[in-house]
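Comments concern the structure below.
In mature numbering (1 follows the signal peptide of the UniProt record, and there is no 0), the protein residues as written are -24 to -1, 1 to 537.
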């Protein structure tokens, strides 16, 4: 499958050996009912560069009784049992089971639900600091909380701050959409892990000197989709009970890509394939099927999860995804947007210029190839839809003045990538900003337009999905470090104050709120992050007709948005 791995994240994942031993100067924390934990100092970035200042850290602390044995494929029920004595929280612990291509595969384990806390040093724990809680991406199938450089974010902060990262169940362990799981109430276990952890933080964040009333919840890609699912879940048991104060959606939304219900053909195939692979019969009652799933080899489940994911090329709906109808997505994101059932909290949405260029094939040459691609990956598109897509994205072969002419590898690549980008990310991010701003919510939109060719191996991929992954924590190894400093300080200011402007770098442009319909012409203003010191404010003149097509309420339903 086309890799979901951001090059910056891939590089960062290779370095986890820099941690120091427990240090007596690090405050010891006690979590009521869980135990006491001694932390460490971190002085290096994930890539081994010196931080501007050391950072206090507590690493690898469990936040729940682990979902192993009979607890596999069940919602989390309780925090871990209290441990006697002082525990060393001085190194990262296991990541969740996933494809073995993930660095350090020997560190994978089914017992993986742990978290990490990073904090500005020298500030008493009695002072409660604004906190960023980051949900990692990876297509709901891979990566971990390790991949966000929390220490770097803290060390560069304009004011004292806390960053928290964590793991949640992935692939089939956390997202096994099926009629069996629907009947058993077990859909979206990974999302439920996230909510459980946010509830856990409401009880325990203050022990680390964080302020549970000032949590910014954010994420990249699947982490942004996750953040959006929590943000757009102001109904049911979560109504008027937000577990955070503001949100950051870095290339993601509640309507991104596509999240069908458990009866979707792709999901039925994946479930049947998994059951066969682990020798579990589907011709028995639900209790016996669940018993077999819970007693099956974790390694076998991991193997099939990775194989099915790798085999799902050119698919709009990948295996092991959140499912509409399950917890936190009882109704589709587009429906929640339409009905206004979201937490009215300040929000930042972002997208890159060429989101789809990681995911689309680079060898299609004809208009028929283009049409067949969309027919194959999205059966919900009817003949009328396909004709409209053909019109909205003119064929560069037939129309040399098409905006998508001049692709360096195949005639259809830029065209397919633009349409995929709009469908999956750009138009969805824009619609989130329109929805929240029209509801009077402080909203800011960002367009990342900085190529990072040293990290993106092929320049023809432009500025694809996750190009800005490392910019958000001010990584010095990006192609444009000055751009990273600028971008980071806007985000840092938002985490600290709820406004990206109050603590932005001196001399940088003010980032205006996104206000749909302003200036009398419908164009709101967004921040455009260009290479070097050339970040500017521009009107959001994105592909308006194309976005109207993808965001049409009736069509959104057919596309499971």
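Quick reminder that beta carbons are idealized off the backbone N, C-alpha and C, glycines included.
The beta-carbon separation of residue 88 and residue 143, rounded to 5 Å, stays under the 8 Å limit for a contact.
Rounded to whole angstroms, residue 16 and residue 451 show a C-alpha spacing of 21 Å.
Assignment of beta strand (DSSP E) within the region 336 to 411, counting only whole runs of 3 or more residues, yields no such run.
With fewer than 16 other CB atoms across the displayed protein chains lying within 10 angstroms of its CB, residue 363 is exposed.
In the displayed model, residue 10 falls within coil according to three-state DSSP, outside both helix and strand. Partner residues in the beta bridge of residue 501, as assigned by DSSP, are 515.
Secondary structure of residue 441 (DSSP, three-state): coil. The three-state secondary structure of residue 145, taken from DSSP, is coil. For residue 197, the closest alpha carbon among the candidates 377, 78, 189 and 332 is that of 332.
Straight-line measurement puts the Cα of residue 240 at about 33 Å from the Cα of residue 122. Here residue 273 is exposed, its C-beta having fewer than 16 other C-beta atoms within 10 Å.
The closest CA to that of residue 217, considering only 175, 246 and 230, is found on 175.
By the Cβ neighbour-count rule, residue 359 is exposed, with fewer than 16 other Cβ atoms within 10 Å of its own. DSSP places residue 527 within a helical segment (H, G or I) once states are collapsed to three. Where residue 468 is concerned, there is no enclosing beta strand (DSSP E), although the alpha helix (DSSP H) around it starts and stops at 457 to 473. Judged by their CB atoms, residue 327 and residue 392 are not nearer to each other than the 7 Å cut-off. Residue 109 has its alpha-carbon roughly 26 Å from the corresponding atom of residue 329.
For residue 274, the secondary structure class from DSSP, reduced to helix, strand or coil, is helix. In the structure shown, residue 300 falls within a coil segment according to DSSP collapsed to helix, strand and coil. Leaving aside the five residues that flank residue 284 on each side, the residues in its chain whose CB is nearer than 6 Å to its CB run, in chain order, 246 and 295. Close CB contacts of residue 384 within its chain, under the 6 Å cut and outside five residues either way in sequence, are with 436 (chain order). Taking the Cα positions, residue 145 is about 30 Å away from residue 315.
Inside the region 13 to 60, DSSP marks no whole alpha helix (DSSP H) run of 4 or more residues. Secondary structure at residue 128: helix, using DSSP grouped into helix, strand and coil. By the C-beta density criterion, residue 170 is buried, having at least 16 other C-beta atoms within 10 angstroms.
Leaving aside the five residues that flank residue 28 on each side, the residues in its chain whose CB is nearer than 7 Å to its CB run, in chain order, 131 and 132. Contact between residue 270 and residue 49 is confirmed by a C-beta separation of about 6 Å, below the 8 Å threshold.
Counted as a single uninterrupted DSSP element, the stretch harbouring residue 451 is not any beta strand (DSSP E), since DSSP gives it neither H nor E.
Judged by beta-carbon spacing, residue 52 lies beyond the 7 Å limit of residue 208, meaning their Cβ atoms are not closer than that value. In this structure, residue 107 lies away from residue 224, with their beta-carbon atoms at least 7 Å apart. The beta-carbon distance between residue 186 and residue 105, rounded to whole angstroms, is 6 Å. This is short enough to meet the 8 Å contact definition. Restricting attention to beta strand (DSSP E) runs no shorter than 3 residues, the region 177 to 241 encloses them at 186 to 196 and 222 to 226, ordered along the chain.
At the C-beta level, residue 532 and residue 310 come within 7 Å of one another.
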